[in-house]
Amino acid sequence: MSIRRKTFLEELGGENITGVAYKNVNQKKSIISYFANIGNATIAELCKELNLSAPKVTNLVNDLITDGLVQDYGKIESTGGRKPNLYGLTPDSGFFLGVDVKNHSINIGLTDLQKNLVKIEEHYPYKLSNDEKSLKDLCSIINMFIKDLPIPKSKIMGVGINLSGRISYATGYSYSFFHFHEDPLSRIIESQVGIRVFLENDSRAMAYGEFSTGVDTNHKHVLFLNLDHGLGSGIIINGQLYYGKSGYSGEFGHMPVFDNEILCHCGKRGCLETEASGWALVRMFREKVAEGSSTLVMRDRSSPESIMLEDIINAANNDDVLAIELIAQVGEKIGRSVAALINIFNPELVILGGSLAATQEYIRLPVKSAVNRYSLSLVNNDTQFQLSRLGNRAGVIGACLLARNRLLDLA
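Residue numbers (our numbering): 15 to 425.
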């Protein structure tokens, strides 16, 4: 009786793989990486790239064809001799789920092996709070989304989940939310959804999604600013996400720039977020309304305490004077700190993303104006400013791509 060969996905999910099996898995990862990043190829091209013999590469490719991950695209034209066959990924053979967790909603989507966005659901109602119920609700939403997909669950190779705050992507721990178990959060969620889970900081995932599919990829040094309830950043250096020594780089909102007594969510005082963030904007807006300022937001409200960030953004986009003025104040303060980052990193491109970026020029212009005033002109002359092209999809796509890269060890 012959022993059934494990599929590539079964080998990936196995633990303590050693010897020949470990070597074969890594060689198959290399083949998939080539197809995903370079494109379709012949056996000869793969041999040259992997420095392996033709029989070995043929066997590996045949295994991946049997597993349904790779397909033969037929003969191609040749300058002489036998026409070689062209091989490449089967787009619908594997998928990755991306979950971008916001304070009051979730964006969740699915991509295939070739980065194509297959399905996305934006603004799914959800309340992020640091308790067991919020974690249980998150897992339920993921499971419901999977259940409604037109593909079998077995084809989903990995799930990427973005959370704000301190995330250790290497260990799977979240230190800002749901840190009440000994096991890593990634493993806790894995046990509930039954698929490999990878955690990432939301700003870094958004930066990677935008860098990989949203902006001109000729830029290799990019600063992505996530302007939301809080402030975060994703830093791309030489085309790679920068994590820092412990993996917590990008805490833009916690730069200590103000001499005030406002307590930040991190527990410190004087952070940039205390006066220049979505949280700060809501606080200032409510105060102005309580003092008697008029605004479109209060047409259907009796109390300023019910005002949310989304209300202010919508008001600004409908030419509300108070919303526009306060967003400009926030943008100017953000711009001063961005000027400091430009002086340090000298990026080619600064991308403004997050919910405040939905106000478009109302946030971009004051940020850019402050950068021009406070950064060194020789440094910022070559720095371009763009609004996020992907919007809410940046985090979802970034989560999918990072899960794909980590599962398959893709560059």
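All C-beta atoms in this analysis are idealised placements derived from N, C-alpha and C, irrespective of residue type, glycine included.
Computed from a predicted model, the values in this text were never measured in an experiment.
Here the region 263-278 does not lie against the region 398-415, with fewer than 3 beta-carbon pairs under 8 Å apart. Residue state for residue 185 is assigned as coil, using DSSP reduced to three classes. Annotation for residue 402: no alpha helix (DSSP H) segment contains it, and DSSP assigns it neither H nor E. DSSP places residue 207 inside the alpha helix (DSSP H), whose first and last residues are 199-207.
Counting C-beta pairs closer than 8 Å gives fewer than three between the region 239-247 and the region 183-200, which falls short of the contact rule.
Between residue 77 and residue 144, the alpha-carbon positions lie close to 45 Å from each other. Between residue 420 and residue 183, the CB-CB gap stays under 9 Å. When DSSP states are grouped into helix, strand and coil, residue 99 belongs to the strand group.
Separation of residue 355 and residue 57 (C-alpha to C-alpha, rounded to the nearest whole angstrom) is 47 Å. In the displayed model, residue 83 falls within coil according to three-state DSSP, outside both helix and strand. When 285, 314, 322 and 275 are compared, the shortest CA-CA separation from residue 297 is found for 322.
When only Cα atoms are considered, residue 236 and residue 69 end up about 43 Å apart. Sorting 49, 81 and 54 by C-alpha distance to the C-alpha of residue 22 places 81 at the top.
Spatial neighbours of residue 363 in its own chain (CB-CB distance under 6 Å, excluding positions within 5 residues in sequence) are listed in chain order as 233, 236 and 398.
DSSP assignment within the region 49-75 yields no whole beta strand (DSSP E) run of 3 residues or more.
Looking from the CA of residue 328, the closest CA among 347, 376, 147 and 201 belongs to 376. Here the alpha carbons of residue 336 and residue 217 stand approximately 28 Å from one another.
Per the C-alpha coordinates, the member of 65, 156 and 128 positioned closest to residue 136 is 156.
Apart from sequence neighbours up to five positions away, the residues of its chain that approach residue 54 with a beta-carbon distance below 7 Å are 87, 100, 101 and 102, ordered along the chain. Relative to residue 371, the option among 410, 359, 122 and 342 whose CA is nearest is 342. Restricting attention to beta strand (DSSP E) runs no shorter than 3 residues, the region 343-388 encloses them at 363-367, ordered along the chain.
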